[in-house]
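Read through the structure below, which is laid out as structure tokens, and then see the notes.
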Amino acid sequence: MKLKALEISGFKSFADKTKIEFMPGMTGIVGPNGSGKSNIIEAIRWVLGEQSARDLRGTKMTDVIFAGAANRKPLNRAEVSITFDNSDHYLKSDYAEVRVTRRLFRNGESEYRINGNQCRLRDVVSLFMDTGLGRESFSIISQGRVEAVFNSKPEDRRTIIEEVAGVYKYKQNKDKAEKELGTTREYLNRVNDIIAELESQMEPLAEQSAMAKDYLDQKHRFDELDKSRLVIEIQDNRRAKHEVDQKMTQAKTLVSDYEQQVKDQTQAVAQMKQHQTELLNKKDALQNKQLTLTQQVERLTGQRTNASTKTAFQKQQLEEVNHALSEAKSNAQKLIADNDTLKAAIVTQQQAIEQASSVVAGLRDGQNKQQQATLESKISQLQDAYIEQMQSLTTLHNELHYLEREHEQGGQARAHLSDEAVKARAELDQLTAQRDKLTAQLNISKSNQDKVHASFKDAGDKYHALTEAFEKAQKNWYNALGVQQRAKARADSLAALNDEHAGFYQGVKAILKQRNKFNGLVGSVADLITVPKDLAKAIETALGAQLQQLVVRDEQTARDAVHYLTQQRAGRATFLPLTTIHGRRLSSAQLSAVSSTKGYVGLAAELVTFDQSLKPVIDHLLGTTVVATDLDAAIAIANIAGHRFRIVTQDGQVMNASGSITGGANRNAQAGLLSQRAERDELAAAIAEMQAKLDQQEEHVADLQSQVDAMASAGTNLRSQMNDADAQVQQQSGQLELLSDKIKEAKRKLSASQFERDQQVQDAADYESQLAENNSKTVTVEQRLATIKAQREQAQQDLTSLTADDETKASQLQEKMTWLATAKAQLAAKQADYRRGVQSLKDLTDRQQSLSERLKSLQTSQSVSGMSMSEVATQLTKSQVEVKQVVKQLEQTNAALTELSDQLTTGDAELTRIQGLQRASLSEMNDLSARQSRLATLLDNDLNTLSETYQLSFEDAQSGLSELDPNDIRKQLKLLKRGLDEIGDVNIGAIDEYQRVSERYDFLARQQSDLLTSQQQLQETMTEMDGEVQTRFKQAFDDVAKAFSKIFVQMFGGGKAQLVLTDPEHLLTTGIDIMAQPPGKKFQRMSLLSGGERALTAITLLFAILDVRPVPFAILDETEAALDEANVTRFARYLRDFAGDTQFIVITHRKGTMVNANVLYGVTMQESGVSKMVSVSLDDVEAVS
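Using UniProt numbering, you'd call the opening residue of the sequence shown number 1 and step up by one each time.
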């Protein structure tokens, strides 16, 4: 354990919160005088529980609170906290770090805390007890403590060794025992005086009590019989009145019932009529509602049919428009590209025609103008016709190419669509197969899930059933265990009472406790006989106080015992010497005369079990006592025997030989000695039987526990399986849902592909028709071209023959004109193609716009139709449900009307019948009321007599009812009244007084015994404490003396020293002398040494103490102040060597001590009256240097 930190706030000069952290090794605290260094030590002592304000340099404890300074106001609280590293659990605490806090307020209130939990000073002292720490331990050593070592007397110096020996708690216990012993002796003397006084009062009180009991017994019998008389009369009258009351109650009940029935029936008939009206109104309303709802259902059904047809048509149109729009967009892109190509070709062709026209014009200039003009005109006309036909032919050819290209593309599209349809069908078939497979797997998983859930539920039910069975078995076991433990407690209690001889008189108990002193003591009568349980009460009654008589072997033993009781004033006892006691029994004739009497049990001496050597004693005690079953049997036996011997009953009643009868029972009567013994034996057997049953129950509980654990484990496994099954079903359901979506998409693709393929087939059929038409037009145009060509060639020939010299030019002209005609025809065809392309593009653009508008329109229409259809369907379903409900309500209403009509008929008849019965009951009730009044008067008279005379209620009086005939009761009442008058006045209070004195005597006798036992135990405790203190003191002294001699040589560099006991024979009081011989000096008492030598010797003794009983830390307050520099150096080095095991906190002015410190704290007063702390680690300084 190490001291970690000290926190000071408001304590003396430390006004501000100051925290000092202590490192391992040696910590020095330095500062000028008056700076507050010693306040740190006093703070530690204070927080450890110091209660002396004077030892803290004050007059009252509130003086430790900061009192203020020039610039500071006084504080209202002082608080100090000290923290220990308790990781080695040096302190008796489970915490690895212990923090003790003490607070004091100026109003005088204070508190202690350990680790923040409020506690008492006692708890703080207990925490540090026998640890070597604390406010008075040698862990805190001041200069005054050193001086006390060599200035104190030898007897006072022994406290040093006692602290080392740790005998404080033993001495404390001894002091406590001494105080308790003194108190015990005083109380014992008082008890002895009171017992002597009570013994003088008991005999006269016993006689008065017996007379009073006899009077009370007869008075009690008289009162009991008189109460029985009153009870019988009350019972008879009550019985008669009860019968009348019952009849009256029945009559009132009938009248009330009939009245209520009339009222209820009248109200019921009215309600039925009102309800009939309400049902008729409800029927009309329902019929109207049924008609309205039926019309609404028909209207909604028609709307739903129209909406369904319209929705299907709109869906088909939407699909067609989407497909046409897609195709139009594709064709438009192709036309734009073709038009761009034609446009470029037309520009090129026009340029070539312009060049050829220029050449032809030049060639024509050389021809015969008139003929040339005529022929040229004809040729030109033919040429134009030719060109026109060529343009038509080119257009037909282009249309043919366009149709062939479209047909080819349509064929590719049809092939592609066929492939797509095949793929879509294959994908759909594959997805369908996967769905069917997954559906089968899901069904299996769901089946497994249901099985696992069922198994888990079954396991849960079994677990709950087992748990309930286990808890029930465990509860039964605990209950049985509780019963056994109570039986054991009772048995232990009885055993303890037996061991302590409880219930015995003081003198008897004293002899039994010291029976080892009396060899001739056999035992008490109660301990020497064994009685069946059913006879215990009878034998206890027969023996009475004789149960406590002591059987001894001879008169000498009895004489010794009486002498002991007299000498010790321990009480009185009766002794039965076997040598002088002679038993006596009833004769055989006496027993034969009564043995056949009903209720006879036997001779008491023959009903108990005992050692045969005790037969004279048993015959002496029980030889003339007979046991009967009850008092009636005892009276019968006594009458036969002529009242010559005593008879006791099994329930403790006594028929005395004189004819008197003693009996009754106390309310709080305790079990007698024999009953206790019988109960002990019975409990022992019962406990053994209970233990066997407990063992069986425990095995059953353990078996159920294992079953519960096994079922819990199985439940855990099933829960895991259930979670897995649920997860699998959830996963497969998700996969199946995904497959369903994929199947829907595949079906949509397949439907679209089939639609497009059908469209392409239709386009192919159109192609064949267009192709035939194109071929027919092409043949016609080609025929026209052939005719025009022949005409043009003839005209050309005629033109050529005009001039021979122009043949070459004509040939050239012909060639150029032919090419020019062809080029113009091609240009015209291309321009026609371009115009058609432009027109087709415009048509496609218009169609695209039209299709887009149509698409939006269809989508909007479909959305509106969907919403409308949904609303119609919802309203239709709702209306159909309402129609069914209305029809059902109509059926119920009709049935209710029919039933209500029948009830009205029955209700009227019942009302007439009840009114007749009501009148008859009223007449009977009036007759019964008169009889009630007469019987009530008789009962009140008897109850008043019972209450006023005997202060009893009728219920309490019933418990003592006599079984005698009422006439016999009256006769005995007269006889008892005469007997009471003869007895006269008696002291009734003597009974309670005698009971009180007897109980007080018994109580004080027990107290006397307990006090004697306590006195002896306290003396033994004190002796034991003295022995322990001597042993520990001697061991501690030897250890300290040995360490002192060794360390003295080290501290002084030689010499010798020893500790000496001033009175070795009395270790509890001996003082201690210190003998020392520094180098160069003689061996002498420490008081004869010089001041420095005495101081160093005293310090050596303190170091020896720390060596023998190391402490985690030690605080030295200017301990070395009286040493010279050389001894200071030795002192500091020794501290440094010790610092490996003990943490030192040293307040010093000496340089030698400061140099050896690991850490230095400086205390200053920069502000007047307020202490501050500064610190420096000398180890770090050394490392730097």
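All C-beta atoms, glycine included, are put in the ideal place defined by N, C-alpha and C.
In the three-state reduction of the DSSP assignment, residue 69 falls in the strand class, which pools E and B.
Nearest neighbour of residue 139 by Cα position, chosen from 1145, 1150 and 1167, turns out to be 1145. Within the segment 1021-1053, no run of alpha helix (DSSP H) at least 4 residues long lies entirely inside it. Separation of residue 423 and residue 433 (C-alpha to C-alpha, rounded to the nearest whole angstrom) is 15 Å.
Counting only the Cα atoms, residue 566 lies some 43 Å from residue 686. Counting only the Cα atoms, residue 655 lies some 52 Å from residue 248. With three or more CB-CB distances shorter than 8 Å, the segment 514-533 counts as touching the segment 544-555.
For the UniProt domain "SMC hinge" (519-638), the full-length alpha helix (DSSP H) segments reaching 4 residues or more read 525-528, 536-543, 555-568, 588-595, 604-607 and 615-622 along the chain. Per DSSP, residue 126 is one residue of the alpha helix (DSSP H) stretching across 121-128.
With contacts defined as CB atoms closer than 8 Å, residue 573 and residue 508 qualify as a contacting pair. Taking the CA atoms as reference points, residue 181 sits about 9 Å from residue 1016.
If you draw a straight line from the Cα of residue 1168 to the Cα of residue 1126, it comes to about 36 Å. Here DSSP, grouped into helix, strand and coil, assigns residue 470 to helix.
Membership of residue 1099 in any beta strand (DSSP E) is not indicated; the residue belongs instead to the alpha helix (DSSP H) covering 1091-1108. Counting only the Cα atoms, residue 91 lies some 27 Å from residue 1160. Rounded to the nearest whole angstrom, the CA to CA distance from residue 425 to residue 418 is 10 Å. For residue 78, the uninterrupted beta strand (DSSP E) segment begins and ends at 77-85. Around the Cβ of residue 792, a 10 Å sphere holds 16 or more other Cβ atoms; the residue is buried.
Residue 966 and residue 232 have their C-alpha atoms roughly 8 Å apart. Here residue 1089 is not near residue 1138, since their CB atoms are 8 Å or more apart.
Around the beta-carbon of residue 472, fewer than 16 other beta-carbon atoms lie within 10 Å, marking it exposed.
In the three-state DSSP reduction, residue 1148 falls in the coil class, being neither helix nor strand. Non-local beta-carbon contacts of residue 1174 in its own chain, meaning distances under 6 Å to residues more than five positions away in sequence, involve 1162 in chain order. Scanning its chain for C-beta atoms nearer than 7 Å, with the 5 sequence neighbours on each side dropped, one finds no residue around residue 454. Across the set 914, 586 and 191, the C-alpha of 914 shows the shortest separation from the C-alpha of residue 264. If you draw a 10 Å sphere on the C-beta of residue 228, you find 16 or more other C-beta atoms in it, and that means buried. Note on geometry: alpha-carbon atoms of residue 462 and residue 286 lie some 55 Å from one another. In chain order, 1055, 1056 and 1083 place their CB closer than 6 Å to the CB of residue 1077, counting only its own chain and leaving out the 5 sequence neighbours on each side.
Annotation for residue 1117: the continuous beta strand (DSSP E) segment containing it runs 1113-1117. Beta-bridge pairing by DSSP links residue 1073 to 1060.
A direct Cα-to-Cα measurement between residue 74 and residue 1157 gives close to 35 Å. Judged by their CB atoms, residue 1025 and residue 177 are nearer to each other than the 8 Å cut-off.
Exclusion of the five residues before and after residue 661 leaves 655 as the residues of its chain whose Cβ lies within less than 6 Å of its Cβ.
Per DSSP, reduced to three states, the secondary structure at residue 1007 is helical.
Scanning 794, 1148, 293 and 718 for the CA closest to the CA of residue 883 turns up 293. According to the DSSP assignment, residue 1125 belongs to no beta strand (DSSP E) but to the alpha helix (DSSP H) extending over 1125-1138.
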